[in-house]
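Accompanying notes for the structure given below.
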Amino acid sequence: MSNSETHPQVSYLEYQGKYKGILGWITSTDHKRIALLYLYCIIIFFFVAAFLGLTMSIEKMRPGQDFMNAQTYNGFFTVHGIIMIFMIVIPGLAAVFGNFALPLLIGARDVAFPRLNLFSWYLYVTGAILAVLSQLLKGGAPDTGWTFYVPYSAGSSTNVIWALTAAFVLGFSSILTGLNFIVTIHRMRAPGMTWFKMPLFPWALYATAWIQVLATPIVGITLLMVIAERVLHIGFFDPALGGDPVLFQHLFWIYSHPAVYIMILPAMGVITEIFPTFSQKPVFGYGAIAISSLAIAFVGYFVWGHHMFTSGISYWSKWFFSFLTFIVAVPSAIKVFNWISTMYGGSIQMRPPLLYAISFVFLFMIGGFTGLFLGALATNVQLHDTTFVVAHFHYIIFGGMGFAFFAGLHYWYPKMFGRMYSDRWAYIAWGFTFVGFNLLYFPQFIIGIQGMPRRYFDYLPQFQWGHFLSGIGAFILVTGLILMAWNLIYHKKRGAIAPANPWKGVTLEWQIASPPPVENFDEIPVIKHNPYWFGTEEEIRREKKS
Amino acid sequence: MFEGASNLAAGVDRTFILILAIAVFFIVGITTFMIWTLFKYSRKKNIPARQFTGSVTLEIIWTVIPLILVMVIFFYGWKGYAPMRKVPADAMKVTAIGRMWQWSFDYGNGKLSKILVLPINKAVRMDLHSVDVNHGFFIPAFRVKEDVIPGYKNYLWFIPKYKGDYDIFCTSYCGLQHSGMNTKARVVENSVFVHWLDSLPVTGNIPDPEGLVLIKNSGCIACHSLDGAKLVGPSFQGVYGKKHIVVTDGKEVEKVVDDAYIATSIIDPGKDVVKGFNKGLMQSYRDKLTDAQIVQITDYLKTLSGK
Numbered sequence: 100m101s102n103s104e105t106h107p108q109v110s111y112l113e114y115q116g117k118y119k120g121i122l123g124w125i126t127s128t129d130h131k132r133i134a135l136l137y138l139y140c141i142i143i144f145f146f147v148a149a150f151l152g153l154t155m156s157i158e159k160m161r162p163g164q165d166f167m168n169a170q171t172y173n174g175f176f177t178v179h180g181i182i183m184i185f186m187i188v189i190p191g192l193a194a195v196f197g198n199f200a201l202p203l204l205i206g207a208r209d210v211a212f213p214r215l216n217l218f219s220w221y222l223y224v225t226g227a228i229l230a231v232l233s234q235l236l237k238g239g240a241p242d243t244g245w246t247f248y249v250p251y252s253a254g255s256s257t258n259v260i261w262a263l264t265a266a267f268v269l270g271f272s273s274i275l276t277g278l279n280f281i282v283t284i285h286r287m288r289a290p291g292m293t294w295f296k297m298p299l300f301p302w303a304l305y306a307t308a309w310i311q312v313l314a315t316p317i318v319g320i321t322l323l324m325v326i327a328e329r330v331l332h333i334g335f336f337d338p339a340l341g342g343d344p345v346l347f348q349h350l351f352w353i354y355s356h357p358a359v360y361i362m363i364l365p366a367m368g369v370i371t372e373i374f375p376t377f378s379q380k381p382v383f384g385y386g387a388i389a390i391s392s393l394a395i396a397f398v399g400y401f402v403w404g405h406h407m408f409t410s411g412i413s414y415w416s417k418w419f420f421s422f423l424t425f426i427v428a429v430p431s432a433i434k435v436f437n438w439i440s441t442m443y444g445g446s447i448q449m450r451p452p453l454l455y456a457i458s459f460v461f462l463f464m465i466g467g468f469t470g471l472f473l474g475a476l477a478t479n480v481q482l483h484d485t486t487f488v489v490a491h492f493h494y495i496i497f498g499g500m501g502f503a504f505f506a507g508l509h510y511w512y513p514k515m516f517g518r519m520y521s522d523r524w525a526y527i528a529w530g531f532t533f534v535g536f537n538l539l540y541f542p543q544f545i546i547g548i549q550g551m552p553r554r555y556f557d558y559l560p561q562f563q564w565g566h567f568l569s570g571i572g573a574f575i576l577v578t579g580l581i582l583m584a585w586n587l588i589y590h591k592k593r594g595a596i597a598p599a600n601p602w603k604g605v606t607l608e609w610q611i612a613s614p615p616p617v618e619n620f621d622e623i624p625v626i627k628h629n630p631y632w633f634g635t636e637e638e639i640r641r642e643k644k645s
Numbered sequence: 007m008f009e010g011a012s013n014l015a016a017g018v019d020r021t022f023i024l025i026l027a028i029a030v031f032f033i034v035g036i037t038t039f040m041i042w043t044l045f046k047y048s049r050k051k052n053i054p055a056r057q058f059t060g061s062v063t064l065e066i067i068w069t070v071i072p073l074i075l076v077m078v079i080f081f082y083g084w085k086g087y088a089p090m091r092k093v094p095a096d097a098m099k100v101t102a103i104g105r106m107w108q109w110s111f112d113y114g115n116g117k118l119s120k121i122l123v124l125p126i127n128k129a130v131r132m133d134l135h136s137v138d139v140n141h142g143f144f145i146p147a148f149r150v151k152e153d154v155i156p157g158y159k160n161y162l163w164f165i166p167k168y169k170g171d172y173d174i175f176c177t178s179y180c181g182l183q184h185s186g187m188n189t190k191a192r193v194v195e196n197s198v199f200v201h202w203l204d205s206l207p208v209t210g211n212i213p214d215p216e217g218l219v220l221i222k223n224s225g226c227i228a229c230h231s232l233d234g235a236k237l238v239g240p241s242f243q244g245v246y247g248k249k250h251i252v253v254t255d256g257k258e259v260e261k262v263v264d265d266a267y268i269a270t271s272i273i274d275p276g277k278d279v280v281k282g283f284n285k286g287l288m289q290s291y292r293d294k295l296t297d298a299q300i301v302q303i304t305d306y307l308k309t310l311s312g313k
């Protein structure tokens, strides 16, 4: 590639180490290669799980059984959930863009523990294989839902143990990645980069990493307890053995609620990088965004009970959990206000990453505001365990985290592969994805309000219109995703050569060649000012005075 | 949507409208602002970007205003919820029993019903009892829902305000037929209710035969119906003495269901699988049932075939 000719160092894509071909990739400890390994795995599993989702939506377009029976459907929604949650959105942005961009953004040559980083990927692949086996092995796909609620999960004769083990192993991958990022951020920032001169995506990753390290062990031990319950009949959770089924729900959500922030915080971080670049303007409220990430991570630990308002927990614990749930909404609101203010007064260029970022804000707001209905005790009673929750969750995770992933992918793609994709096809794919997404999930808010429960294979006729629209939306959405994947894969080898800095970004990753050389920086840069300075020295001095 | 079919509906719906108004205001406002900035500050206009970095005043404003709003919402949510936990002392008591995958309603004195019949304008307290896994008791029109968890004494209450039939759903995933676990609540005049309850036959106090108790406790009826319905496994109704095509070691053989066949099916369920059903879904009960208990179950199955 042209950049490497003028550059003394070879690019990380062309680098030839001890091994050739695929071995050169799966033995590489280069953070950029590991990021792409995660990316390819995630794309493959994403299409598998999206296919499961599509078939569920088609099955439900008419009431009654059409082409799959109830047991198959229950297996599909369980495996859809396990793959999407544990293999895509939890590692998702942190493993792909965190690995790729974190060392570049803080001016480091790699993460703190490169070999541990590769080991995390191997753990991820092991967990992923176990999860796929759980679907295929004799005994049948697990049918418990991704939440594994006991007593049902303690008794189901399907491959629940395989799925639990998969989630357990994937958890370790997550913990080790988190640990690696914490140490990297503490120890490897470029000279002069104080905490408050660090870009905001690393800030988001830092908050995320602490949740990964502190919360994931809890779900790990909980899943082991379910395995022990099934194999040894210990009686942690099964009331027939003297256990407590609600104890499981507490332990499960003590991790799985913070896990939502593991998913969304890096997404917010990516969005925070994109707005200043395309507005050519410093991010508005740097400090507020950095601190709000930490605030979300901290308060997010104490709101798990809002998943359990109808489970019979005590009156005052409901009061407490509802109250804190509302408190945790505030830092997210602060971020939204700062993002839109970053655009105000800028010089805005509309390109695909910005379009995805704006869509993120819109969909995330719908997801966030519908969360208020679920956090308020009175409305929670009506909406809990209905398709309203399904819609809310998908607006946050797919509309939020998913669209941020697409934004990040379109943003760093030129840096990753040294090529440009087609803007025109990126817009077309966005159109299908955005329309399809809303058509798929918005009707589920409405039928959910009317009382349509979730995880239903079959339903009463009054809910058909909603399921029918959802089915059409699912087709449009999948069309958009295929177009997007095609645009990115096709142009990986054939696209126009990307310049080092196609978006005129000012963070460190744009100051080196595209794709980056193996060692990232010839010389580690010395940081003098805040990460988002777009103006000339003269302008910066003037702004500081005023 | 806002039928107000129970005394609790108003508190829920008021909170709902409040949040909806706030949500629509902000979503529309912020989205409009974003789109406006795209045009107003488009790079095509060739106006250099201004380089300001923030405003403490604005940060305080958009921290405090959302904080106040969410506290107001929290307060309304709590206020709408608090009465749901205060059951009047004179409320009529009905126990809702959830089992995979059926509701039944116990009116006391052995009177059990498959649908929930209630007198209009009278407070009713539902005690929620599960015999197997978690279920969720949900009547959307009444705005009531509470999980039905084995070993937990959960409850809910309400006063139905209008006559009519209302859907009851199970909302906590409970396995194969989760989506089929629904029934009706029927609200009638008090005189009609009294007459209905009088004519309801007493069924609950007759003890089950020992074999049936074992079948229920072992969870058999989750997959094998007693009434001929095809579930995961063959129905128990009329099964004893019936000729079946079974798959043994991959070959199809004809077998009559007798004592030995039943014992094999319980201890080694994968050995002779009735054609049309899947192998591997049932676990062995080798260590869970004694030989004597298997005989009791077999004796009960005989009664279902009239033998």
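For the record, the sequence lines run as chains A and B. First residue of the first sequence? That's 100 in this note's numbering, and the numbers climb one at a time after it. First residue of the second sequence? That's 7 in this note's numbering, and the numbers climb one at a time after it. We put the CB at the ideal spot given by N, CA and C, even for glycine.
- Scanning its chain for C-beta atoms nearer than 6 Å, with the 5 sequence neighbours on each side dropped, one finds around residue 217 of chain B the residues 302, 303, 305 and 306, in chain order.
- Judged by DSSP secondary structure, residue 158 of chain A falls within the alpha helix (DSSP H) whose first and last residues are 130-158.
- Chain A has a Cβ within less than 8 Å of the Cβ of residue 151 of chain B.
- In this structure, residue 131 of chain A and residue 615 of chain A form a Cβ contact; the two beta carbons are roughly 6 Å apart against a cut-off of 8 Å.
- Taking C-alpha positions only, residue 165 of chain B is separated from residue 128 of chain B by approximately 5 Å.
- Using a Cβ-Cβ cut-off of 8 Å, residue 554 of chain A is close to 179, 184 and 185 of chain B, given in chain order.
- Straight-line measurement puts the Cα of residue 481 of chain A at about 39 Å from the Cα of residue 584 of chain A.
- Excluding five sequence positions before and after residue 373 of chain A, the CB atoms of its chain that fall closer than 7 Å to its own CB belong to 452, 453, 456, 506 and 510, given in chain order.
- DSSP places residue 76 of chain B in the helix class (H, G or I) of the three-state scheme.
- For the region 388-420 of chain A, the set of positions with a beta-carbon nearer than 8 Å to some beta-carbon of chain B reads 409, 410, 411, 414, 417 and 418 in chain order.
- Judged by DSSP in its simplified three-state form, residue 418 of chain A adopts helix.
- By the CB criterion at 8 Å, residue 421 of chain A and residue 80 of chain B fall inside the cutoff.
- Boundaries of the alpha helix (DSSP H) around residue 591 of chain A: 563-593.
- Interface residue (Cβ-Cβ distance to chain A less than 8 Å): residue 116 of chain B is not classified as such.
- Nearest in C-alpha terms to residue 206 of chain B, of all of B:122, B:311, B:272 and B:134, is B:122.
- For residue 571 of chain A, the closest Cβ of chain B is not nearer than 8 Å.
- Against residue 173 of chain A, the close residues of chain B are 179, 181, 182 and 184, in the order they occur along the chain (beta-carbon pairs closer than 9 Å).
- Residue 369 of chain A sits close to residue 503 of chain A, with the two beta carbons spaced by under 8 Å.
- Note on geometry: alpha-carbon atoms of residue 412 of chain A and residue 257 of chain A lie some 30 Å from one another.
- Where residue 357 of chain A is concerned, the enclosing alpha helix (DSSP H) starts and stops at 344-378.
- Closest in C-alpha terms to residue 108 of chain A, from the list A:631, A:619 and A:624, comes A:619.
- Pairing residue 572 of chain A with residue 161 of chain A, the inter-Cα distance amounts to about 15 Å.
- Of the candidates B:299, B:176 and B:276, B:176 places its Cα closest to the Cα of residue 110 of chain B.
- Put simply, the CB of residue 137 of chain A is far from chain B, with every gap to its CB atoms at 8 Å or more.
- For residue 268 of chain A, DSSP records no beta bridge to any residue.
- Taken in chain order, the complete beta strand (DSSP E) segments of 3 residues or longer contained in the region 223-307 of chain B are 249-254, 257-262 and 278-280.
- Annotation: Cβ neighbours of residue 484 of chain A in chain B (cutoff 7 Å, chain order): 142, 177 and 178.
- Pairwise C-beta distances place the region 228-242 of chain B in contact with the region 282-301 of chain B, as three or more of them are shorter than 8 Å.
- When the Cα atoms are used, residue 577 of chain A and residue 224 of chain A turn out to be separated by approximately 25 Å.
- Counting only unbroken stretches of 3 or more residues, the beta strand (DSSP E) elements lying wholly within the region 110-197 of chain B are 122-125, 130-136, 141-145, 150-154, 160-164, 170-176 and 189-194, in sequence order.
- For residue 238 of chain B, the neighbours in chain A by C-beta distance under 8 Å run, in chain order, 170.
- Among the bridge pairs identified by DSSP, residue 102 of chain B is matched with B:111 and B:134.
- Three or more beta-carbon pairs drawn from the region 303-317 of chain A and the region 387-402 of chain A are found closer than 8 Å, and the two stretches are therefore classed as touching.
- In the DSSP assignment, residue 508 of chain A falls within the alpha helix (DSSP H) that extends over 502-516.
- In this structure the region 485-496 of chain A touches the region 546-566 of chain A; the number of beta carbon pairs closer than 8 Å is three or more.
- Shown here, residue 66 of chain B sits in a helix according to DSSP, grouped into three states.
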